[in-house]
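Residues 9 to 725 in the numbering used here are what the sequence shown spells out, letter by letter.
Backbone N, C-alpha and C define an ideal beta-carbon position, used for all residues, glycine too.
Here's the structure, in structure tokens; my notes come after.
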Amino acid sequence: MKQLSRLQLLLICLLLAVASQQLFSFMVRLIDEAHYSRQRMDVVNQLGRFRLDLEQRLNSTFYITQGIEILISTLIVEGTSLLSQQDKIEAWAREATTRLPYINNVAVSEAYIIRFTYPMEGNSAALGHNYRDIPTQWPTVQRAVQSRMPVVAGPLQLIQGGTGIICRIPLFSHAQGKNHGQFVGIVSMVVDYQALLQSAGLAEAEKTLSIAMRGKDGLGASGDIFYGEDDLFAVANISQKVSFLGGEWLLAAKPKTGWSHESPYSIRLSILGYLVSLLIAVLCYFAVRGMQLRIGAAEYFSKALELRVAERTQQLSIAKTEAEKANEAKSDFLAVMTHELRTPLNSILGLAQLTEAMELGDLQRSYIAKVVSSANLLLSLINNILSYTKVESGNAGLEPQAFVVADILQKLNDVFEIQATEKALLFSVEVASDVPSFVECDKGKLLQVLTNLCGNAMKFTERGAVSLSVRRIASDDEGDDNCWLRFVVSDSGVGISEQDQQIIFKPFRQIDSSVARQYQGSGLGLSICQRFVQLMNGRIGVTSQLQQGSQFYFEIPVRPLANRPAESDLSSAQRLQKAVAASQPLLQGMTVILAEDNRFNQTLAVALLNKVGVTVKVAENGLQVLSLLEQIPVHGILMDIQMPKMDGLATTEQLRADRRFYDLPIIAMTANAMQEDKQKVLAAGMNDFVAKPINFEHLYRVLISCLQHEKLYPEQV
Ligand code: ADP
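Here it is, written out as structure tokens:
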């Protein structure tokens, strides 16, 4: 419908109008036909009524005539004249004429000569006449005699004057039986047929009808017309037979105004038809146009809406991309920042640890201990940011580790007891007896969560106590093999309002920045706790009341172990000594290039490597690495990634392109500690990865697995 052009629409409307007009014409035709049929029915009915009455009257006239004939028959005596019985005949004739007013007179002939007439007055002229001599009457007389049946004659000119119809019944003697009797005479009854017609209702019928009659002398359709117009007997008109004793007449009629083939309503209906058709066409045109316009408008609005939606979607997508970019930028910034912070911190911690392992005076040892503790605090802050960045970028995974539950609780106790004493708080750790002694889970993350929660409790409590408790709880899932532990860190500190409890797990959110400043913090601790606990498939929450203290709890699944895991909890100096003792025999005598631009890191790495007997050639960038390799053969390279002039990745690629250094062990050493950084360096062709700050045990392990004593690069021939 939408695609119809105006011209097409006009044509359709026109066709519709023509069709509806045709329908109306058809209806008009039907109505006209019904009208015509009804007209004919009316004519049939009216004519029928008249015919019935006429027939009745004609027949009753005949019956009377017949009655007189029968009576007269009884009078017939052989050899006597009927006239001798004139009185009786007259009495019967009088009776008849008074009964039916249109019977003018009764005449009786002996043979063919009229001998009797009643009333005499006005009819006496007929007496003595012989029918044979009256040519207008003789044929019917003859017919009656020959047929021995009653016959109607006329209408005809009467001898005594005027016109009339005559019912004649021949009289026969009964001597030889009814059908063989001798002809005696004729009983004739003259009927004023005009009066008869009127008394049958002709005038009434002729008010609406034109009527004609034929059948002179009772001859029916073959008789002459004796009343009305000839043409009324045309086929189109109504005709009816009037049957009576001695003959029949045929009546014909049509409406006085002629046949009307059109109903009086047909013109009005035709006009109405034209008007309605026109109206239908116009309405149809405007309805369709209206609909087209409405569809057009709806389409326009829907297009406009679509455009608006598309525009908004685009805006949202741009906004989303921008937000993602901003988030990426934030993550990048945090990654870079942590890298930049970790690099010097790496040196500080490493050197402090090395110094700790030396012979020191008590004062120096206490200074160094403070340096190590401050650096550790700083490192934990940086680790928090790094952890958050890792979780945020989806790079944090679980690193399950077997451990002794009591050990990590002891560790926490050691750390926080000191802080509690400093703040005059009570600190306690409580382990329920149903907690398994040895378990496996991500120990690092568990420790970080507990450290954060206990750290907060200490931070926000000025009086009273802080406690850490752990107990076993039933698992929600019956088929779960894990053991669920519930850790609760309670304090009697400032508490958290219900409203603030909703926001504290969101990153960088602190209840009141000014208060937080008083307590220090990044607003990341709880957010990391929540993410780590979720990562461990657990749940975390808080109940608290302002000024009443807080209870932070979390529940995690752990795998209970039957045996004590092999694990050392030595001090870092003891660990270093142990690691050196184990690695030195394997690494002693090797030579490596250390590609590192940071002086402190150089010193730390050189010291750690020298401790296990490894000779170190230091290069400050990739170019120096290439030139050093041309001067001395080495067992491998420890390669920083971010260096001036030529970075670690470019240097590695160049070396791998040189057949001599195709399988030279290259170990990345970088503070870019993310999973994707590791993948990047391995993809560039490096053999392994050591994160900064350097875990010396890991460094020695990687060197042992990558370097081989007998393999020097370039190969010596
Ligand atoms: P922050 O490093 O600032 O402590 P967190 O994410 O660990 O960040 O904590 C967010 C905020 O939640 C804190 O700034 C503090 O307002 C509130 N909060 C956390 N722990 C406690 C506690 N034990 N008692 C009272 N308030 C706390």
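Per-residue DSSP class, three states only, for residue i
i, result
"N113", "strand"
"G236", "coil"
"E256", "strand"
"E330", "helix"
"L227", "strand"
"W100", "helix"
"T692", "Here residue 692 is Ala; the residue named in the question, Thr, does not match the sequence. Three-state DSSP puts A692 in coil, outside helix and strand."
"F341", "helix"
"Q510", "coil"
"R276", "helix"
"Q94", "helix"
"A627", "strand"
"Y293", "helix"
"L283", "helix"
"V588", "helix"
"F34", "helix"
"N138", "strand"
"A27", "helix"
"P593", "helix"
"T599", "strand"
"F241", "helix"
Beta-carbon separation (whole angstroms), residue i vs residue j, contact threshold 8 Å
i, j, result
"L646", "S355", "Contact flag wrong, Cβ pair sits at about 15 Å."
"L83", "L91", "Actually they are not in contact, since the Cβ atoms of L83 and L91 sit about 10 Å apart, beyond 8 Å."
"V73", "M197", "The residue you asked about is not Val; residue 73 is Thr in the sequence shown. Indeed, because the Cβ distance is near 4 Å, the residues count as touching under 8 Å."
"L715", "P673", "6 Å"
"C175", "T106", "That belief does not hold up - the Cβ atoms of C175 and T106 are roughly 17 Å apart, past 8 Å."
"V642", "V600", "6 Å"
"T148", "D232", "T148 to D232, Cβ: 13 Å. No contact."
"V51", "A261", "6 Å"
"V537", "N460", "Looking at the sequence shown, residue 537 is not Val but Cys. The Cβ separation is near 5 Å, so the contact holds."
"A134", "I173", "About 15 Å separates the two Cβ atoms, so there is no contact after all."
"I288", "L24", "6 Å"
"A213", "G236", "With 8 Å as the limit, A213 and G236 do not qualify as a contact, their Cβ atoms being about 11 Å apart."
"V36", "L277", "5 Å"
"L602", "G621", "L602 to G621, Cβ: 15 Å. No contact."
Min CB distance residue i to chain C below 7 Å
i, result
"K467", "As a matter of chain content, chain C is missing from the structure shown, which is built from one protein chain."
For residue j and residue i, the rounded distance between their alpha carbons
i, j, result
"R709", "S591", "8 Å"
"P178", "R46", "45 Å"
"L617", "V624", "7 Å"
"V413", "C491", "13 Å"
"A211", "L280", "40 Å"
"F234", "L253", "19 Å"
"S218", "L291", "50 Å"
"L353", "T397", "19 Å"
"I376", "G369", "10 Å"
"I390", "T346", "6 Å"
"Y120", "V243", "41 Å"
"Q542", "K311", "45 Å"
"A360", "A383", "9 Å"
"Q687", "A679", "14 Å"
"I194", "N113", "14 Å"
"L554", "L386", "30 Å"
"E705", "L584", "8 Å"
"V116", "I76", "10 Å"
"N629", "P652", "6 Å"
"F669", "R607", "27 Å"
"E723", "Q662", "17 Å"
"S181", "Q248", "37 Å"
"L569", "V447", "5 Å"
"D605", "I702", "16 Å"
"V192", "T88", "11 Å"
"R48", "V153", "41 Å"
"T351", "L357", "10 Å"
Do the stretch 486 to 505 and the stretch 464 to 475 make contact, defined as three or more Cβ pairs closer than 8 Å? yes
With contact counted as at least three CB pairs below 8 Å, one residue from each stretch, are the stretch 55 to 65 and the stretch 200 to 215 in contact? yes
Per the contact definition of three or more C-beta pairs closer than 8 Å, is the stretch 656 to 669 in contact with the stretch 689 to 697? yes
Is the number of C-beta pairs between the stretch 101 to 109 and the stretch 125 to 136 that are closer than 8 Å three or more? yes
Segment contact, 8 Å Cβ cut-off, at least three pairs: the stretch 431 to 449 with the stretch 503 to 516: no
Contact between the stretch 547 to 562 and the stretch 406 to 425 is defined here as three or more beta-carbon pairs at a separation below 8 Å; is this criterion met? no
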